[in-house]
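Protein sequences, first through last, are from chains P and V. Going by the working numbering, the first residue of the first sequence is number 44, and it counts up by one from there. Going by the working numbering, the first residue of the second sequence is number 121, and it counts up by one from there.
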Amino acid sequence: DDKNVLFIVVDDLRPVLGCYGDKLVKSPNIDQLASRSIVFSNAYAQQAVCAPSRVSFLTGRRPDTTRLYDFYSYWRVHAGNYSTMPQYFKENGYMTLSVGKVFHPGVSSNHSDDYPYSWSIPPFHPPTEKYENDKTCRGKDGKLHANLVCPVDVTEMPSGTLPDIQSTEEAIHLLNIMKTNKQKFFLAVGYHKPHIPLRYPQEFLKLYPLENITLAPDPWVPEKLPPVAYNPWTDIRQRDDVEALNVSFPYGPLPDDFQRQIRQSYYAAVSYLDTQVGLLLNALDDVGLSDSTIVVFTADHGWSLGEHGEWAKYSNFDVATRVPLMFYVPGMTTSSVRQGERVFPYLDPFSYTLGLVPQGRSKKVVELVSLFSTLAELAGLQVPPVCPEPSFHVALCTEGGSIVRYFNVSEEKVEKEKGGCDDTYRCF
Amino acid sequence: NEEPLAFSQYPRPADTPQWNSDKPRLKDIRIMGYSMRTVDYRFTLWVRFHPNNFSADFEDVHAGELYMMETDPNQDYNIYNNTSHGSFFKKML
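Here it is as structure tokens:
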């Protein structure tokens, strides 16, 4: 019945979240969203790198069909004129809006985030995005560097802010406009963190004292790992602080202490991201749209935090391909919301400690390529047909079936999950 | 009730790590790692890839990985070479 869609995609976020069982992280706002959502424990990206993963789930096609394995081709020119998820919603009467990093910028989205095909208005990119890789990190020498580990005093940043803060502000502004105009919308918000550089407000370090940070459980390169499978984490080696360590190529390792600092900063960046998501969802409450908006929360792929002697993504390991994936569907994953009732009150990670249990959890193995058909079904739109093989000539079809059939909205389901039911749908 | 599968893939320019291993350009891709996973295992085949016609040659296997999640949840112990993996191969194809 004409639900809006708020689609939140986070750059390089592995499921280090309280709602995924991580004991260290402080992510109360995402955990609160999870407590109202169906959460998928085994969701995987089709390729663990930005552009190929995003083009895959936004078109509903696998990399072998988009033929994008790097960053340097646009699918409409190079493979086929595939419809995208936002384009489909736009063609079905939705106002489609992009804030921050949703498509990967550059050639792979035609230098326009696939506007005007996918979006109703030109996509918004936070003005401070352009400083992302500048020397803005204050080193121990007091000078500014382009570091990997980069806690900052936000007031010292260009324009006194950070890209994701600007994205949240713009997204809230758009929500207010949609509410005022009573416009049905598909709003995609792409957050940059915890993608490198790990640049976040330095106060989030207090949440993770270094003495509490351990190395990865398996920080060594596995004995029988084929050399071809190993990724030599070239991108982080080019950051000033890592370069200064003069680490050997390709296997390193990084010094233990620095490994712990990276893990510390990744967690701090996740909590910083959690506050941005919290502010955005709180605003959804403020404008009274929580009862009429589907919220999807996911990431383009994961990130290795030292496991197997690896960092970054660029591999087929689960830590690089497994992603958070949860759906809040008012009236389906929660009982209907009373007018004016707050569903996502902002929670401060510095003071909020209560653990929240996901509303529902499915252990089914699912894929990001199913997002397109799943959201179409949840919004009551015609679900695109399954693609024939090959499907280069077919504009509208999908290579990922809808996963709504795995949703189960009753409390029993949660109990059964605990009871070890391996097929919630069948058990329900 | 076929067990749900998830597929992922990753390209490589060569059999050993080099400076462009993480992000090879299409023209430099020579091997594609195809992964198939369920809640029980991850099976990966690294096969010859031809960028000029986007084809993967599953008869030219460069390496394989197999991890059983129940005994090796962190995927540290590749048992590909000491198991018969024909059924996984067939399933992937």
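Here a beta-carbon is modelled for each residue, glycine too, at the ideal position from N, C-alpha and C.
Is DSSP giving residue i helix, strand or coil here?
i	result
Glu179 (chain V)	strand
Glu185 (chain V)	strand
Gly206 (chain V)	helix
His235 (chain P)	coil
Gly463 (chain P)	At Gly463 (chain P), the pLDDT of 36 sits below 50, so the modelled position is not reliable and the matter cannot be decided from this model.
Asp386 (chain P)	Here the sequence assigns Val to residue 386 (chain P), which means Asp is not the residue at that position. DSSP places Val386 (chain P) in coil when its eight states are reduced to three.
Leu230 (chain P)	strand
Ser416 (chain P)	helix
Ile446 (chain P)	coil
Thr441 (chain P)	strand
Arg242 (chain P)	strand
Tyr87 (chain P)	strand
Pro137 (chain V)	coil
Ser347 (chain P)	strand
His121 (chain P)	helix
Cys180 (chain P)	strand
Val82 (chain P)	strand
Residue range of the beta strand (DSSP E) that residue i falls in?
i	result
Met156 (chain V)	Ile151 to Arg157
Ser31 (chain P)	Any answer about residue 31 (chain P) is impossible in this case: the structure gives chain P only from 44 up to 471.
Ile337 (chain P)	Thr336 to Ala342
Asn47 (chain P)	Asn47 to Val53
Gln129 (chain V)	Ala126 to Arg132
Asn72 (chain P)	Counting along the chain, Asn72 (chain P) falls outside any beta strand (DSSP E), though it belongs to the alpha helix (DSSP H) covering Pro71 to Ala77.
Val285 (chain P)	Looking at the DSSP string, Val285 (chain P) is not in any beta strand (DSSP E); the run it does join, the alpha helix (DSSP H), is Asp283 to Glu286.
Met221 (chain P)	Segment Pro206 to Asn224 is the alpha helix (DSSP H) holding Met221 (chain P); no beta strand (DSSP E) there.
Val142 (chain P)	Met138 to Gly143
Ala193 (chain P)	First, the amino acid is wrong: residue 193 (chain P) is Cys here, not Ala. Note, Cys193 (chain P): beta strand (DSSP E), Val192 to Val195.
If we cut at 7 Å on Cβ distances, does residue i have a partner in chain V?
i	result
Leu268 (chain P)	yes
Tyr112 (chain P)	yes
Asn274 (chain P)	yes
Gly462 (chain P)	Model confidence at Gly462 (chain P) stands at a pLDDT of 35, short of 50, so the residue's coordinates are unreliable; what they give is reported in the following sentence. Taking Cβ atoms only, chain V never reaches closer than 7 Å to Gly462 (chain P), which makes this a no.
Lys407 (chain P)	yes
Tyr357 (chain P)	yes
Phe360 (chain P)	yes
Thr277 (chain P)	yes
Asn85 (chain P)	yes
Glu410 (chain P)	yes
Thr127 (chain P)	no
Asp261 (chain P)	yes
Thr318 (chain P)	no
Arg57 (chain P)	no
Start and end of the alpha helix (DSSP H) containing residue i?
i	result
Gln304 (chain P)	Asp299 to Asp329
Leu165 (chain V)	That residue, Leu165 (chain V), is in no alpha helix (DSSP H); its beta strand (DSSP E) goes Tyr161 to His170.
Val366 (chain P)	Taken as a continuous stretch (DSSP letters only), Val366 (chain P) belongs to no alpha helix (DSSP H), being part of the beta strand (DSSP E) at Arg365 to Tyr371.
Asp278 (chain P)	Thr277 to Arg280
Ala130 (chain P)	In the sequence on display, residue 130 (chain P) carries Gln and not Ala. Met128 to Glu134 is the extent of the alpha helix (DSSP H) around Gln130 (chain P).
Pro95 (chain P)	Cys93 to Thr102
Thr108 (chain P)	Pro106 to Thr109
Under 7 Å, Cβ to Cβ, is there at least one residue of chain P near residue i?
i	result
Pro133 (chain V)	no
Ser128 (chain V)	yes
Asn172 (chain V)	no
Thr164 (chain V)	yes
Glu185 (chain V)	yes
Asp196 (chain V)	yes
His182 (chain V)	yes
Here's the rule I'm using: 16 or more other beta-carbon atoms within 10 Å means buried, otherwise exposed. How should residue i be labelled?
i	result
Ala88 (chain P)	buried
Lys178 (chain P)	exposed
Arg132 (chain V)	buried
Pro71 (chain P)	buried
Gly203 (chain P)	exposed
Lys66 (chain P)	exposed
Ile305 (chain P)	buried
His170 (chain V)	exposed
His147 (chain P)	buried
Glu185 (chain V)	buried
Arg448 (chain P)	exposed
Asp180 (chain V)	exposed
Trp139 (chain V)	exposed
### Query
For the segment 153-164 of chain P against the segment 119-133 of chain P, are there 3 or more C-beta pairs whose distance is under 8 Å?
With the cut-off at 8 Å, the segment 153-164 of chain P and the segment 119-133 of chain P touch.
### Task
Determine, using beta-carbon pairs with one atom in the segment 237-254 of chain P and one in the segment 188-201 of chain P, whether at least three such pairs fall under 8 Å.
The answer is yes - the segment 188-201 of chain P touches the segment 237-254 of chain P, with three or more Cβ pairs under 8 Å.
### Query
Would you call the segment 286-293 of chain P and the segment 145-160 of chain V in contact, with 3 or more CB pairs under 8 Å?
The segment 286-293 of chain P vs the segment 145-160 of chain V: no contact.
### Task
Scan the segment 136-158 of chain V for residues whose Cβ lies nearer than 7 Å to a Cβ of chain C and list them as they occur along the chain.
Note that chain C does not occur in the displayed structure, where the protein chains are P and V.
### Message
Closer than 8 Å is the cut-off here; do at least three beta carbon pairs connect the segment 432-452 of chain P with the segment 328-337 of chain P?
### Response
Too few Cβ pairs lie closer than 8 Å, so no.
### Query
Taking contact to mean at least 3 C-beta pairs separated by less than 8 Å, is the segment 427-444 of chain P in contact with the segment 397-412 of chain P?
Cβ pair count under 8 Å is three or more, so yes.
### Query
Touch check for the segment 345-361 of chain P and the segment 55-64 of chain P: three-plus C-beta pairs under 8 Å?
Under the 8 Å Cβ criterion, the segment 345-361 of chain P counts as touching the segment 55-64 of chain P, having at least three qualifying pairs.
### the segment 267-282 of chain P in contact with the segment 211-221 of chain P per 3-pair CB rule at 8 Å
No, because fewer than three Cβ pairs between the segment 267-282 of chain P and the segment 211-221 of chain P fall closer than 8 Å, the two stretches do not touch.
### Query
Counting pairs of Cβ atoms below 8 Å between the segment 350-358 of chain P and the segment 378-385 of chain P, do you hit three or more?
Short answer: they don't touch.
### Query
Within the chosen definition, does the segment 89-96 of chain P reach the segment 121-128 of chain P through at least 3 CB pairs nearer than 8 Å?
Taking 8 Å as the limit for Cβ pairs, the verdict is that the segment 121-128 of chain P does not touch the segment 89-96 of chain P.
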